[in-house]
Each structure stands twice: as structure tokens, then as C-alpha cells.
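Q:
Number of protein chains: 4
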Amino acid sequence: MAKIKVAIIGASGYTGVELMRILAGHPEVELTAVTSRQYVGQPVAELFPSLRDVVELKFMDNQVAEIASLADLVFTALPHKAAIEVVAELHRAGKKVVDLSADYRFSEQKLYEKWYQPHTAPELLAEAVYGLPELFRDQIPSARVVGNPGCYPTSVILPLAPILSLGLVDPEATIVIDAKSGTSGAGRSLNLGSLYCEVNENFKPYKVANHRHQPEMMEQLGRASGVVPKLLFVPHLLPINRGILSSIYLPLSRDVTAAEIEGALAGAYADETFVRLLPSGSLPTLNAVRGSNYCDIGYVLAPEQRSLILFSAIDNLVKGAAGAAIQNMNLMLGLPEEMGLLTVALVP
Amino acid sequence: MAKIKVAIIGASGYTGVELMRILAGHPEVELTAVTSRQYVGQPVAELFPSLRDVVELKFMDNQVAEIASLADLVFTALPHKAAIEVVAELHRAGKKVVDLSADYRFSEQKLYEKWYQPHTAPELLAEAVYGLPELFRDQIPSARVVGNPGCYPTSVILPLAPILSLGLVDPEATIVIDAKSGTSGAGRSLNLGSLYCEVNENFKPYKVANHRHQPEMMEQLGRASGVVPKLLFVPHLLPINRGILSSIYLPLSRDVTAAEIEGALAGAYADETFVRLLPSGSLPTLNAVRGSNYCDIGYVLAPEQRSLILFSAIDNLVKGAAGAAIQNMNLMLGLPEEMGLLTVALVP
Amino acid sequence: MAKIKVAIIGASGYTGVELMRILAGHPEVELTAVTSRQYVGQPVAELFPSLRDVVELKFMDNQVAEIASLADLVFTALPHKAAIEVVAELHRAGKKVVDLSADYRFSEQKLYEKWYQPHTAPELLAEAVYGLPELFRDQIPSARVVGNPGCYPTSVILPLAPILSLGLVDPEATIVIDAKSGTSGAGRSLNLGSLYCEVNENFKPYKVANHRHQPEMMEQLGRASGVVPKLLFVPHLLPINRGILSSIYLPLSRDVTAAEIEGALAGAYADETFVRLLPSGSLPTLNAVRGSNYCDIGYVLAPEQRSLILFSAIDNLVKGAAGAAIQNMNLMLGLPEEMGLLTVALVP
Amino acid sequence: MAKIKVAIIGASGYTGVELMRILAGHPEVELTAVTSRQYVGQPVAELFPSLRDVVELKFMDNQVAEIASLADLVFTALPHKAAIEVVAELHRAGKKVVDLSADYRFSEQKLYEKWYQPHTAPELLAEAVYGLPELFRDQIPSARVVGNPGCYPTSVILPLAPILSLGLVDPEATIVIDAKSGTSGAGRSLNLGSLYCEVNENFKPYKVANHRHQPEMMEQLGRASGVVPKLLFVPHLLPINRGILSSIYLPLSRDVTAAEIEGALAGAYADETFVRLLPSGSLPTLNAVRGSNYCDIGYVLAPEQRSLILFSAIDNLVKGAAGAAIQNMNLMLGLPEEMGLLTVALVP
């Protein structure tokens, strides 16, 4: 049977190479085109020698019309703002799109525009679907544009959404999210802060209470749980390539048992392939998910401090980006959701 | 002029080699003996080639009487419990002692015994002084036994103490401390979790809300500020050799200005050599303190979340252990407090 | 169709978890038993959380008879010496075995015994086949015991064998092999030199001209090329988890062209899936093979120094151990050789 | 007594911050000016927070006349070519200069011009002295321009020079130098290959047999030993911040004893503070020199391969750059050579 044709626009970054890595092992789709303004004409294997003998393509220019003629579904891995029009053009050409930028993640246009810039395709924004299958699966198969979730939001929304519904936290109380991300989250562009010697043997907070992923989390948690929580989101930069570990601190307004917490999480995720609920006493660790599409979730109750602490671990490039995008692609193409995504983490 | 003689009992761990490194550059003291049960008779330079041509000693057995005859002041870098009697014996021999274990850090015997084990030298515990000069300097010069602070407590008490005195936090509210430590904090003993391949490219929480440094912080913050805060302390393991970054989240019970925060910190530390208050907009970063005795402190106000976030960075082996111990030694010996401790962090 | 049953004896090390990782993605075999003396009765997922929901087994004791009853082919991942009898017993029970120790790698018993210890199953040693398919493929399908190659030897034999046949090097001249390995090569046992703080930010040579992989290389290169070369093998320890890069320096006894080198390499490997010959000007890099079964080979001619330099890169746990073992398993079971092994390297 | 005034032109790179770090601990000199075109007007402590409260200067523009008025000796840490005229102008202004570029390292103008570009101040090149005190100490005190050695050359010349004089190697035979450097050697400029995710968990060769440090080594070894050796120099990039380990392979033309090797090394370096000769059986390791000005040297004799292997370890930013520059400065200013340079390596 002929494979389904897919393409990637903006394929020279870390999300691009990760999409290519995973698609190379997917039995039902064929990668027919990849683009990169910077590397037009260059063989993919020259830029990414890991893909030698695997991806035989050359980078093409970002010509949307040409790409549209070569694929049924397109991944757009462009910077935000740049994606708005490219996605819209692909949509007009009748293509399905999974957009990995922030441009189609927000339900509320004003919220997007407050944190980013004016949105020039607001109707399409309204039509686009937030691609977190574990919470919004029913909307994805029929979607024509999916906004793929941010990496931090995935790591926060998955553990937090079922717990919020328990009504444990006073809506006025602040939920602290202390998140730590590997450096691939900063992308492959040249800036001083991403140099090896600046990151290695170092660790630091950044964009404290001021990161664009915070409103995304709040909006989607509001959709999932019915109430928009008050979050204090503080990201930190880890000297590792991949992985996000989020430590989420909930001040409790009432007593709660471990069974209640576990029940809420199991109620939401017991049947989910890509969410693993750790048994009591186990806590997430980044190397258990490196290179895999899993989100591992654990928790600790601290009754003396009247607090619940949730921990989650994902690979920011897989469940936090390319893996989730392919999970969405599978749903949009009517394929088994986990197809091509069952690889196990690389340990050590 | 003859130098003052000092010795180290338990010198084969990372704290031991760090004490030797710093003492090698100290102009007024002379290291006359180092002990290690495991390496008796072995030249220090064989175990620690960084010290070749610098420390010409061999490891001796832990014979307290002999050590006492060789030094005026002794650093004890033994595991907790093992230190109790060794310190007591040194004290009986008339020696000054800086103890780097937890055995002489607590003011309240019962608190120590709740988290560790029975204390067999309670009178000496009562006499011992908590060696955090920035807050308790006046007690140190005359002390005969100094309990050197834990690494995490130093990173938490220094930023938090002056702020607690402002009365910003409801005593019933929980202050979240999300701390991240380099792996040297786990010591040089053999356990699976300290293997390179287990730590590298990994990150994880441990001893969540259950670390022995939490009661130490609470007791000393109570002494320093007059009220024992309710802390939720969650440590994490960083894939780096050195450094602790603590992110401290305070839920505010009243409005506060940046000027008030800065005033409180400056009031406490403006004249302190080893506490650096970062200007507004700057946040601590571990490589700025690596190998140095500084504690860098920064903060962010998040009015929407009615929260204050304090950040601190120290080198766990210097300001968190050996550097602080030598700072205490200087005070106990009547030397300038910063002598031998002004080295700058190694960057990159 | 029923899957073929396989088991792993000695599965709690890094080679064990890597075998499990790869087998989890293999469509035609089923892992039915894993053993570990140290962790008998413990679920695999507790020790290796990366395998949660993937491998549902518990570690069994190393009871060979019981394992033999549960599997058609067994991987033995025991320390050398310990493997001799276990493999022999499995062989007597009619099982096929891929042994990942050194115990069945040598053709010549005396050579084995010079570098290891007396071999107690010499007839089986004589029968066993060296499992490097690219050079000795024809012997593997019918083999009942395969000695899986050492990690360093794989990285050296593959690039060097076809070149030796060119007769470029005077047999009396020394070929220098400066090899660098990631730390997983040292295994998961507890020793001081494997602690994170000892390896991180460090680099050093070890076992200079005295590593047991040197005679293995020499013997197999002799078999492959007809002449035993004089090697000077110097391994170094890299502060990374995975990967071996070998730099091989050949003093030339005659002039040679790039075309001749490329011809020799292509003659040997043009049809090999897992050997990638890099185009002129490209050199191997470890991250291009991390997590994959590829061996990347590049070269530089230095005419002024009358030298040829060969470079190879492999993942020591995949092509250097578990991947090669599964490649051998596929051949022994009549499955397509590359089945389950086509995953792409994890970049970054 | 007034301190001697020194300045740094081009102080915003890793060599610049390292000069500042070491000078901060020097008792007899005062840093009066630092320049950086890119950061003019910015406080040093903003760019390098490790220097907060230590260096209170702001970066000035590279105005040579102004700098000359502020200092008696100037370090120039500019890219090669850019340094030629700046050094010449400082020289005309009567200043002593330690140049850390390659522009004043070569004795032979043509050799420089073959590997770099035309030299526009050839008379000054002829006057300049190669600043490797252990071999050319007598020329440095009276020098007005010192060309500070390259990092790789220092790591190679020190171990190799005394051995070459033994006449062990046929002049036609090739000496292989397999060198491995930490990433700070690539500087602080923005290029893809220096990004954290490109270097971390990676390792690779580069500029094989084509690195500009090779002719520098050959020329200086020729000066030191009387015969220019045939070198094959192959550098590799290590995923660490600091350190160069060079493995040097000498094919022997005659038998040699360990005593002869040790005698040659001791004859050259027994009285040198910054060269440590390791006892037989010990080999250099990078963490033993990190942050220090030492060069550690070890060796192995491999009689079967008729080879001698020399190993050296330095910190590329200290003995390989800033430390050596300050050693030269001390000699040029009539200060004790080791002043300010006796700090011990940071371990772990």
C-alpha cells in the first residue's frame, strides 16, 4: 500500500531533526520534502550525519505551494509569527497541518496577542485544535490545523489537569511550578547563552514569572478543568541535551488522601499509552524518558505543609514537540495513535 | 612568624580535598596532618593528584590523641554520628574544632535526635556554635566547637533570614524551597546513584519534604528571625560537580516593594564580603560562584501571584562546606575573616 | 505467528538494559526471562524505569536449567570467566547462545588464557564463532555459540581490516590506535573511578598498551586480512555516556591514493547496512551514532607524514554490544539481519 | 608600595576573563583597564558575574593610545592578524606586551605567513620572544614583546622537547600527536559547532593534520632540540570546559630504559614549579590541573611496539594561555615567576 506523504517546513532545527528521526521509523508515512531557508540545496545527511543513508532528501526552499504539491500533511516547525501565514496557505491548499510554533495554540486571540503579536489569521486560529490528545483527543481526528502544545505546557498540564478537578486548591492560591529544561529547548540558533561553555557545569533560572508558556498552560488548564488556576511558572536551564522535569507545588485547601490523588490520575490516564503513573514512592527521573514519547508522573503528599507536590518528566523534543506532533498526525490520518512512537528511552 | 597548625580528620572525601585546596593558599596556617582510615599510609598526592607538590603529607589513621598533638585547630570531616565522640575528645584535649558533620549544628538536642540519632555529648552540643558568620558572627571567635552549616541550609538561610523579619509571610503559609545541588554533595562514597552514567544527562528530585537539612534551616531561621517558618524543602540532583541553586517561593500576606526587599537584604549584607546582592534584573547563576566562597542572591517580585521569589547560588563545597569552615577558622584564630578565601570563580 | 522466545542471563547491567531496550522494538522475538543474582524478584521496571509498561518481567535467579526451558536463544551478559560454564550448560541444553563476555571471542585458546584465565570449555571455544557479521557473516547462521565482539575491537577491526589487505603498512611497523570510550563501557559496578565527580569534566588514558581488547583485535585482524598487525592500543575515558571514537594511525610503506582507500572500504562495506562510509572531507562524530547500530568510518591521508588516519565511531552499547548481539541473533534465527536495529541516532 | 599597572586589550573572551580571574589574586599588579569593542561601556561584572565586587572596571574601546597611558604592561588577547598592529603600536609607545594571539609566536616570518597571512611588522616579529619560560626563560626578562605560546603547543613541546634530545626517534619517522581539548579552546564566539547541544555527549576530530599549531610546535621543538621533528598532529574536541590532554606516540629507533626517559625529563624540569613529572605508573588526568598553571607529564614504554608514549595535561586557559601570560609578565616585571599562580586545581 502506498505510504502517506508528509513534509516538514523548517526542518533544520532540533525539532526538525527529531521529526525526521521518528518519521524514519514510521511504517505508514513517507517523508517527501523538507525545507530550510538557510540550507537550501544541502543534503540533509550533511547537516545531520545521524540521518546518513536514512533520509536521502536535500533541503528545499520554503516554497509553500511546492511543498503542498508533495505532501498530504505538513509539519511546520518555524518560529512563531513566521508560521501564521505558512499554515494559512497550506490550509487554503487543502493540506492538513501540525504546527509546532505557538501560533495556533491559543483559543483566545487576545491572549495570544498579549504575549506574542497581532494574529493575521484569526479565523484559522479559532478553527485550530490544541493537540494534546490525552485531554482533547476527540477534536483531533477531524482537525485540519493542530497547534502542537509547548514543551513546558505539556509537562505541566498533564499532571495538573486531573488534580485541579478535585478542588483541592483555593482558586486564589498560587500554584508554584519550578520547571527545569534541557538546552535543546533553546533551539539551534546562535546565541551566547547557548554556547557549550556557558551552559556546561552551570544552572540558572530565566524568564521568571514571565515566560510565554505560562498563559498557554493557564488557558488549557482552564479548558480542561473548568477553572483557570493561578500559576507562578519559573523555568530553569539544565546542562543536559533533553528533558523537562516540572516540580509543581499545590497548597491544599482541604485534606486529601493518596488514594484520592491516585484515583484522579488513574481516572484520567490509566488507559493512556504515553502517560505512566509511577507507583507511590517512585519519582520521575529524566533519563527514564529520554528519546521516548512518555510523560512520567509522580507525586508526594506533605501533610505538615498542607501541600501536594506533583512531578512530571518528559523529553522536550519528543512528547514536548516532535513525538506529540506525530501522535497528532496519526490521529489526523486515521492511523493507530502510537504508531512509530513506542521506542524506549535511551539508558544510560 | 610561625604558622598556626591545623589538621583534618577524615580528609579523603570531597570536603577533605577542598579543605586542602583552600588551605594550600592560606598564608597563616600550616596543614600538619590529615587522616583517613581507608587510605592510611598513602600519600595524599596519590589519591588527589591535583595536590602533587602542594600537600606532601600521607594519610594517617584517625588517632585523635596523635592528631591533637600535631595541631591547634582541627577540622572534622567525618560522617554524622562518627563525629560526636571525635569532636568531644578533641575538645577535651583543648583543641579548637570546626566540625563539618551535622553533629554540632543543632541548638535543640531533641530536634537533632528526631532526625539523626541519640547525641552522646549533649553538653558539648549545647556549647557549640552554629558557624554562619553572616548571621551569628559574634559567637564564633570565642567558640571552641563550631558546627559548620549544611550546604543547603546556607543557601536557604542567607537569602531568607532578612526577608522573614519583614513579616511578609503569614506564619501558617508554606514557603516552598526548590533546591538543586551538584553531585559532589552526595560525597565520594560508592553508591549506584552516584555513578557517572546514572547522573549524567539526568535530573531528578529526591528526599522530597524529607531531607535532614529542613529542620536545620527551620531552627536557624527561627533563631535569626524570631519565628520558625513553615518550609517545604525539595532537593533535586544536578548533573554538575559543584553548586547549589535554591529557588525560594514566598506567598505574600501584604504588598511589598522592591525597595523594601532590597533594603532588607542590604541591611543584612551590604558589608559582607561573601554575600553579593545582585542588582534588579540579575539572577544568580552557578558558574559565577564555582570554586569561590560567595553566596549570590537575587529576587523577583511577582505581584499577580502575590509572591516573592528569592534565588541563591553557592558552591556547595566552598561556601557550603570547606570555605565556610575556613571562614570560621579565621574567626576562631583571630585572623582576618576573608584570609585565603578571596579566589574568584572558575569561568568557564 | 508465535514469536521466538529469548532470554538474558545477567540483565541488570548496561548491556542488559540495552538488550531489553532494543528487543522491546523487535517484531519477531519475545523476551521471556531475565536474570540477575543481585536483584532476584525485583520488577525490571523498578531498576530501569525507562522500561515501565514495556518489560513486565521480574529478575530471576541465574538458574540455567530454568532459563533454558523458557527460551530458544539466550544472551549471556555476565562477566568473563563467569560466562564459560553458563554458556556451556546452555549449549548442552540445546540452546543457541550469544555470549557478550570475552569468553568465546578468541580462536586461539592460549591467547585467551594468556590475557584472561584457563578456559574450562576449550572444545566449545573452538566451536564458537566470532560474531562480527560484516567480516564473518557466513559462519554465524549455523553457529550455536557466538562470541560477541568487544566494543573497542569492533571500532578498530571494521575500519582497519580492508585497509590492511592493501599492504600499505610494513608488518614490522606499529599502528597506533588512540581510542576514546564513553563511561558506560566501564559497566554499572561500583568503583571509585566511575563516580560522576571523578569522570565529569575529566579525561584520561588508562590501561595503556595493556588492554585485553588488543589481542582480540590482533587475532581477528589476522584472520580477516591474513597478517597479524602490530598494534599499539591506548584507550581513554570520555565524560559521556555512550560512544567509542577510534583514531587509527598507519605509517605508510608506499604511496596510496584516496581512491584506493575508498575502493578498499567500499569493496568491503558498500552493501553493509550498518557500516557507513563517510564522503571525503567528512569525519565521524559520536552523536551521529548514539543509540544506533551504525559504525561510521572516515579517513584522512597525510602525505607529508606518509600516514593514513582512519576514524571510526560506534555506540559502544549498540554496535559495540547489544545491537551486534541482536544482529547475530537475527542471523542465527534466520530473520532479516537488520530487523529491530534500524533506529536512528538520538540527536541532540 | 604602588602596584604595577597592567591592562588587557580584548578582554571579553574566555582568555580575557581568565586573565582577570588570576590577576585579581596577584599581590603586585593592578588591573587598570580592559577593552572590548563589543561591550564598550558595560561593567565587567555584568558580562562576567563571577567578577562582581572583584573587578570594578567597565569595558573601554580598543584605543591603544589611551590604554598605553593607563598601564605599564599590556596583555593583548585579540584574534590573530588584529593583534599585529595593536602590539606594534603599544611597543612604539614604550609598553611591554604579552600577546596571546599567534602573531608574535613564530621565529620565521615565512612560516607564519604560510599558515596565517602577511605579517606587517616583521622587525617586531624578529624581536619578539617565544614565551615558554621552561625552555626559553633567559630571553623573557628583557623582552619587550612576548608571543605567548599556543595551548596545544605548550602541551606538546614541554613533554617532547627533552625527549627529542635523546635521539630516540629517526628524523624521518613520524611522531603522532593525538590531542584532545576542552571547548573553551574554541573561544566565546558564536558558531554552530560550539553550541551546547552540538558538543555535549559528543566527541570528534577536527582539522586533522591541518591545524596551525602544528608548525608552531615544529619550529619551537626544532629550536629547543636542534632538530625539527616530523609531527602528525590531530586535535579532537572534548565535551568539557577546560583542559588539553595530549597523547604523543614516538616510534623508537633504539632501545631505551625508563631511567633514561625519567632522567631526561628530570634534567629539564626537576626545578620547575609548573611542570610536574608523575611517578612511574601514574598518568596525567585533566581534573588534576583544572584551574591551575601546572603541566603534568607521564609516560609509558611499550617495548613490544618499540614505542614510547608521552602524556601531558594542562588547563588550556591557564598554562595554555592566561597563566603562562602572567608567568611571562612576572618575568618581564622582575617579580617572582610563580607569583599569583600557585592555586591548586579545582577537584572535583
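Taken in order, these protein sequences are the chains called A, B, C and D.
Okay, so the first sequence: first residue is 699 according to the numbering used here, each after it adds one.
Okay, so the second sequence: first residue is 699 according to the numbering used here, each after it adds one.
Okay, so the third sequence: first residue is 699 according to the numbering used here, each after it adds one.
Okay, so the fourth sequence: first residue is 699 according to the numbering used here, each after it adds one.
Backbone N, C-alpha and C define an ideal beta-carbon position, used for all residues, glycine too.
#1: State the CB to CB distance for the pair D:ARG988 and D:GLY1032, rounded to an integer number of angstroms; the pair is presumed to be in contact (CB under 8 Å).
#2: Give, in chain order, every residue of the region 964-991 of chain D whose Cβ lies closer than 9 Å to some Cβ of chain B.
#3: Is there a Cβ from chain A that is less than 8 Å from the Cβ of C:PRO1046?
#4: Within this structure, are the beta carbons of D:ILE720 and D:GLY1018 separated by less than 8 Å?
#5: Is D:TYR967 helix, strand or coil when you go by DSSP?
#6: Determine, using beta-carbon pairs with one atom in the region 955-974 of chain B and one in the region 921-929 of chain A, whether at least three such pairs fall under 8 Å.
#7: By DSSP's criteria, D:ASP1013 is part of a beta bridge. Which residues make up the other side?
#8: Measuring only the C-alpha atoms, how far is A:THR774 from A:GLU787?
#9: Taking its Cβ as the centre, do 16 or more other Cβ atoms sit within 10 Å of D:ALA763, making it buried, or is it exposed?
#10: Within its chain, find whatever has a CB closer than 8 Å to the CB of A:LEU768; leave out the 5 residues flanking it on each side and keep chain order.
#11: Which chain D residues sit within Cβ distance under 7 Å of A:ASN1014?
#12: Find out if the Cβ-Cβ distance for the pair A:PRO937, A:ASN898 is shorter than 8 Å.
#13: Whose Cβ in chain D lies nearer than 7 Å to the Cβ of A:THR881?
#14: Closer than 9 Å, Cβ to Cβ, to anything on chain C: give me those residues from the region 894-915 of chain B, in chain order.
#15: Would you kindly report the start and end of the unbroken beta strand (DSSP E) that includes C:ARG974?
#16: Name the chain A residues whose beta carbon is nearer than 7 Å to that of B:ARG1004?
#17: Taking CB distances under 8 Å as the criterion, tell me whether C:GLY723 reaches chain A.
#18: If you reduce the DSSP assignment to three classes, tell me which class A:ILE765 lands in.
#19: Is there at least one Cβ from chain F nearer than 8 Å to A:TYR712's Cβ?
#20: What residue from D:VAL772, D:ASP751 and D:TYR737 has the CA that sits closest to D:ASN1026's CA?
#21: DSSP beta-bridge partners for A:ASP751?
#22: With a threshold of 16 other CB atoms inside 10 Å of the CB of C:PRO851, please say whether the residue is buried or exposed.
#23: Which bits of chain C does A:ASN1028 rub up against, with CB to CB less than 9 Å?
#24: Thinking D:GLU914 and D:GLY829 are a contact (beta carbons under 8 Å), I'd like their distance in whole angstroms, please.
#25: Do you know offhand how far B:VAL867's Cα is from B:LEU858's?
#26: The alpha helix (DSSP H) that contains C:GLU716, what's its start and end?
#27: CB-CB under 8 Å to C:GLU958, same chain, minus the five flanking residues each way: which ones, in chain order?
#28: Where does B:ASN991 land, buried or exposed, given buried means 16+ other C-beta within 10 angstroms?
#29: For D:TYR850, which of helix, strand or coil comes out of DSSP?
#30: Mind listing the chain C neighbours of D:ALA1000? Cutoff is C-beta to C-beta under 8 Å, in chain order.
#31: Check whether the Cβ atoms of D:PRO903 and C:SER945 lie closer than 8 Å to each other.
#32: Could you check how far apart the C-beta atoms of B:GLY1046 and D:SER882 are, in whole angstroms? I think they sit under 8 Å.
#33: Taking only the alpha-carbon atoms, compute the straight-line gap between A:LEU950 and B:ALA907 and give it to the nearest angstrom.
#34: Do you know offhand how far D:ILE855's Cα is from B:SER805's?
#35: Using the DSSP secondary-structure output, state which residues sit across from D:HIS934 in a beta bridge.
#36: So for D:LYS928, helix, strand or coil by DSSP?
A: Let's see:
#1: About 30 Å separates the two Cβ atoms, so there is no contact after all.
#2: THR971, ARG974, LEU976, PRO977, SER980, PRO982, THR983, ASN985, ALA986, VAL987, ARG988, GLY989 and SER990
#3: yes
#4: no
#5: helix
#6: no
#7: Answer by DSSP bridge pairing: none, since D:ASP1013 is not bridged.
#8: 12 Å
#9: exposed
#10: LYS703, ALA705, THR730 and ALA731
#11: Residues of chain D passing the Cβ test: none, with the nearest at roughly 11 Å.
#12: yes
#13: TYR894 and CYS895
#14: TYR894, CYS895, GLU896, VAL897, ASN898 and GLU899
#15: 973-975
#16: THR872
#17: yes
#18: helix
#19: Structure shown: chain F not included; protein chains present are A, B, C and D.
#20: D:VAL772
#21: A:ASP751 pairs with nothing; no bridge assigned.
#22: buried
#23: Ordered by position in chain C, no residue passes the 9 Å Cβ test against A:ASN1028, which lies about 17 Å from the chain.
#24: No, D:GLU914 and D:GLY829 are not in contact; Cβ-Cβ is about 12 Å, not under 8 Å.
#25: 11 Å
#26: 712-721
#27: LEU864
#28: buried
#29: helix
#30: VAL906, ALA907 and LEU930
#31: yes
#32: Note on residue identity: the sequence assigns Pro, not Gly, to residue 1046 of chain B. Contact flag correct, Cβ pair sits at about 5 Å.
#33: 15 Å
#34: 58 Å
#35: D:LYS878 and D:PRO903
#36: strand
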